[in-house]
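Notes follow the structure.
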Amino acid sequence: MHVLLVEDDPEIAGPLARGLARYGHDVRWVSTGQDALLAEDDPEMVLLDLGLPDMDGLDVCRRLRERSEVSLIMISARGSETDKVVGLELGADDYIVKPFTVRELIARMRAVQRRRLAPPPAPAPLPGVVIGLPRASRGRDRYGRLSVDRLAHRTYLDETEVPLSPKEYALLVYLTDRLDTLATREDIMEAVWDSNWFGPTKTLDTHVYGLRHKLGDAVCIEAVRGVGFRLSVKSPAATRQPAS
Ligand code: CA
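Anchor point for the sequence shown: position 16 equals 0 in our numbering, and the numbering is continuous, going up by one each time.
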């Protein structure tokens, strides 16, 4: 995999780059946020240290996300839950706290790529075919006023696109796949975040809050205390009409 490593400390970056290379990854190393934003080649994975000399890694993440959906893992010495939640809210796929082993990082990189490459429910047409079709003519899964274009990862409310973060989108897809069914916190965390997620699941509440805020009363995401969440659609057209 082509990896962009953004890390200012050569004593971390050097061994890390060599370790990743041993696993067959092609690593480009930059040591500032500016260089990360200016990197012209197209990485498949960004490993982003948050403590950079010229700008905050969170800002680098935000600006990368404005233009790219590249897989991104944040690397930080800051292990507080707030940092993780903010990082994940900004669209990081995962967050790893120093110190960590190359093996752990590799496992997380693989998990991120597996989730990214997970096949959509419907067979995906060839990329050229998708690009050639006008967006409106493609099938969307409809849930009342809400519709989801799973090929494009786009969400619409009354035909107006609703910008969701990658995690909000993944959470919405997980819940709409289980319409009117109670999904447990553990199952959601495992499917949407990381199968190795241990500890607090506050980030899940943050993302549910974000979805409720963005989707208004088009859907109801009901919290079942201590268990999980259940999504239902309020409008009369509540039945799922799969894309044809
Ligand atoms: Ca640093």
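We put the beta carbon where it would ideally sit given N, CA and C, even for glycine.
Worksheet item: When DSSP labels each residue in this structure, what does A222 get in the three-state scheme?
Response: Low confidence applies here, because A222 scores a pLDDT of 44, under 50, leaving its location unreliable; read the following figure in that light. Note: A222 maps to coil in three-state DSSP.
Fill in: Min CB distance K68 to chain D below 8 Å
The chain labelled as chain D is not found in the depicted structure, where only one protein chain is given.
Worksheet entry | Check whether I172 and L188 have beta carbons under 8 Å apart | yes
Discussion item. So if DSSP puts D142 in a beta bridge, which residue, or which two residues, is it bridged to?
Written reply: Partner(s): none; D142 has no beta bridge.
Discussion item. Shorter than 7 Å, the distance from the beta carbon of L(-12) to the closest heavy atom of ligand 2, or not?
Written reply: Ligand 2 is not part of the structure shown, which contains ligand 1 as its ligands.
Worksheet item: Heavy atom of ligand 1 less than 7 Å from the Cβ of D38, yes or no?
Response: no
Worksheet item: Nearest to A102 by CA position, among L135, H197, H9, is which residue?
Response: L135
Worksheet item: Which class does R49 belong to by DSSP, given the choice of helix, strand or coil?
Response: helix
Worksheet item: What are the boundary residues of the beta strand (DSSP E) that M29 is part of?
Response: 29 to 33
Worksheet item: At a cut of 8 Å, does the segment 56 to 68 reach the segment 31 to 45 through at least three beta carbon pairs?
Response: yes
Fill in: Bounding residues of the beta strand (DSSP E) (the contiguous stretch that carries G212)
212 to 217
Fill in: Helix, strand or coil at G(-2) according to DSSP, with G and I counted as helix
helix
Practice prompt. Report the rounded CA-to-CA distance for T223 versus S216, giving the unit in angstroms.
Written response: Residue placement at T223 is poorly supported in this model, since its pLDDT is 47, which falls under 50; the coordinates are not used for a value here.
Practice prompt. Taking only the alpha-carbon atoms, compute the straight-line gap between D50 and A154 and give it to the nearest angstrom.
Written response: In the sequence under discussion, the amino acid at residue 50 is Glu, which differs from the Asp named in the question. In a straight line, the C-alpha of E50 is about 18 Å away from that of A154.
Worksheet entry | Burial state of E27 (16 or more Cβ within 10 Å) | One point to set straight first is that residue 27 is Pro, not Glu, in the sequence displayed. P27 comes out buried.
Discussion item. Taking 8 Å as the limit between beta carbons, can you name the residues of its chain near R119, skipping five residues before and five after?
Written reply: At R119 the pLDDT is 47, less than 50, meaning the model places this residue with poor confidence and gives no usable figure here.
Item to complete: Using 10 angstroms around the beta-carbon of G71, count the other beta-carbons present and answer buried if the total reaches 16, otherwise exposed.
Response: buried
Item to complete: Throw me the rounded Cβ distance for the V14 and L(-12) pair, which I believe falls under 8 Å.
Response: 7 Å
Worksheet entry | Per DSSP, the bridge partner or partners of I59 | D33, I80
Item to complete: Quick one: residues in its chain with C-beta nearer than 7 Å to the C-beta of A229, no 5 flanking neighbours on either side, listed in chain order?
Response: Because the chain is modelled from -15 through 228, residue 229 falls outside the range shown and cannot be assessed.
Item to complete: Check the C-beta distance from G128 over to K218 and give it rounded, since I have them as a contact under 8 Å.
Response: 7 Å
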